[in-house]
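Working notes, beginning with the structure itself.
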Amino acid sequence: MTTLHAGCLLRPMTEADLPDVVAIEDATQPTPWSAQVFRDCFGSHYDCRVVERDNAIIGFVVLSSVLDEAHLLNIAVAPAMQRRGIAWAVLKEIIPEYQARALRYLYLEVRESNVGAQALYAHLGFQNVGQRKHYYRTRDGRENAVLMMLDLSTVLERLISRERF
Ligand SMILES: CC(C)(COP(=O)(O)OP(=O)(O)OC[C@H]1O[C@@H](n2cnc3c(N)ncnc32)[C@H](O)[C@@H]1OP(=O)(O)O)[C@@H](O)C(=O)NCCC(=O)NCCS
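Count the sequence shown with our numbering and you get residues 25 to 189, in order.
What follows is the structure, encoded as C-alpha cells:
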C-alpha cells in the first residue's frame, strides 16, 4: 500500500473492490469491462490497484507485464474526482516502480477521441508510436486507437517536479 497525496492510498485491487471498480468503469467508459474481465486480470502477469480515499474507491489502474514490456490496460478516476491529479499521482508512483523492476517500455492504446487521456500521457512523456485501425467498439461502429509508448529508461524529471491535488 502506498500513500499518494491528500489521504489517497494506492493498494492492490481485491474481489471485494469489484462492485466499486465496475461502477467507475461503467461511468467512464463507452464500452466498459465487466467484473469478470477485471477478475481475469488477478493473475500473475497483471498489476491491478485501486485508489482509496476516506474508505471509498475513487479510481483504479490495471497493467500487465511480460519480459521488459509493460502495458497499461485500463485506468479510470471517478468523474467527480477527475482533474485533481489522481491519475498523474498513480502513474507517478507506478512508473519508477517499473523502472526499478528493469522494465524498459510501457505501452498503451487510447481512443483517438480521448484527447484528455492523450494529454495526460503526453505530459508524462509517452510518445505517439502508431495507430490501430478500428481497434475499439463505439456505440454505433468502430474507432481507431492511438498506440503510445513510454521509454522507461529515460529519466522522468517531470514526474518528480510536479505535485498537485
Ligand atoms: C483519463 C483519466 C484517467 C485522467 O484522470 P485524472 O485524475 O482526471 O487526470 P489528472 O487530474 O491526473 O490529469 C493530469 C493532467 O492530464 C491532462 N488531462 C487529464 N484529463 C484531461 C482532460 N479531460 N482534458 C484535457 N487534459 C486532461 C491535463 O494536462 C491534466 O493536468 P491539469 O488538470 O493540470 O491540466 C480520467 O479522465 C478518466 O478516468 N477518464 C475516463 C477513463 C479513460 O479515458 N481512461 C483512459 C483510457 S486509455
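Glycine is no exception: its CB is placed at the ideal position from the N, C-alpha and C atoms.
If you're wondering where the values come from, they're calculated on a predicted model, not measured in any experiment.
| query | result |
| --- | --- |
| Using the rule of at least 16 other Cβ atoms within 10 Å of the residue's Cβ for burial, across every protein chain shown, is LEU91 buried or exposed? | exposed |
| Roughly how many angstroms lie between the CA atoms of PHE189 and LEU33, to the nearest whole one? | Its pLDDT being 39, under 50, PHE189 is placed unreliably in this model, and the value from its coordinates should be taken loosely. In a straight line, the C-alpha of PHE189 is about 13 Å away from that of LEU33. |
| Looking only at its chain, what residues have a beta carbon closer than 8 Å to the beta carbon of ASP50, apart from the 5 residues adjacent to it on each side? | PRO56 |
| Determine which residues share a DSSP beta bridge with LEU96 and list them. | LEU87, LEU132 |
| In terms of alpha-carbon separation, which member of LEU96, VAL101, LEU87 lies closest to ALA80? | VAL101 |
| Sort LYS157, GLY67, MET173, MET172 by Cα distance to MET37 and report the nearest one. | GLY67 |
| I think TYR70 touches VAL86, with their Cβ atoms under 8 Å apart; what is that distance to the nearest whole Å? | 7 Å |
| Would you please state the rounded distance, in angstroms, between the beta carbons of LEU132 and ARG156? I believe it to be under 8 Å. | Not quite, the Cβ-Cβ distance comes to about 11 Å (not below 8 Å), so this is no contact. |
| Measure the C-alpha to C-alpha separation of ARG128 and MET173 and round it to an integer number of angstroms. | 10 Å |
| Given this structure, state the Cα-to-Cα distance separating ASP64 from MET25, to the nearest angstrom. | 22 Å |
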